[in-house]
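**Q** Structure below; questions to follow.
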Amino acid sequence: PLFGSDVAQVFSAGSSVEQYTAAGGTAKSSVSAQIEQLRELLKRLKEQA
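Have a look at this one:
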């Protein structure tokens, strides 16, 4: 074979998404943090209205 079994991890959509863990990244943990920040912002804006 031209490639080893680990090549599937490199080209896996899930692995690709999960590698971006920085703020604003696409990893599940980053997206969850962004959602929480948005919820807090919306709550503050609602309280100001």
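The sequence shown: position 24 = 24 (UniProt numbering), numbered continuously. All residues carry an ideal CB built from backbone N, CA and C; glycine is no exception. Computed from a prediction, not measured in an experiment: that's the story for all the values here.
If you check the beta carbons only, do Lys28 and Glu18 fall under 8 Å apart?
**A** Within the sequence shown, numbered from 1, the residue matching residue 28 stands at position 28. Within the sequence shown, numbered from 1, the residue matching residue 18 stands at position 18. Closer than 8 Å, so yes.
**Q** By Cβ distance, which residues of its chain are closer than 8 Å to Ser5, with the 5 residues on each side in sequence left out?
**A** Numbered from its first residue, the sequence shown carries residue 5 at position 5. Excluding positions up to five away in sequence, the list is empty.
**Q** Cutting at 8 Å between CB atoms, please list the residues of its own chain near Tyr20, excluding the five before and the five after it.
**A** Position 20 of the sequence shown, counted from the start, is the residue given in the question as residue 20. Around Tyr20: Thr26, Ala27, Ser30.
**Q** For Leu45, which of helix, strand or coil comes out of DSSP?
**A** For the purposes of this step, residue 45 is taken as residue 45 along the sequence shown, with counting starting at 1. Of the three classes helix, strand and coil, the one that applies to Leu45 here is helix, per DSSP.
**Q** So what does DSSP say about Ala22, is it helix, strand or coil?
**A** One-based indexing of the sequence shown puts residue 22 at position 22. DSSP places Ala22 in coil when its eight states are reduced to three.
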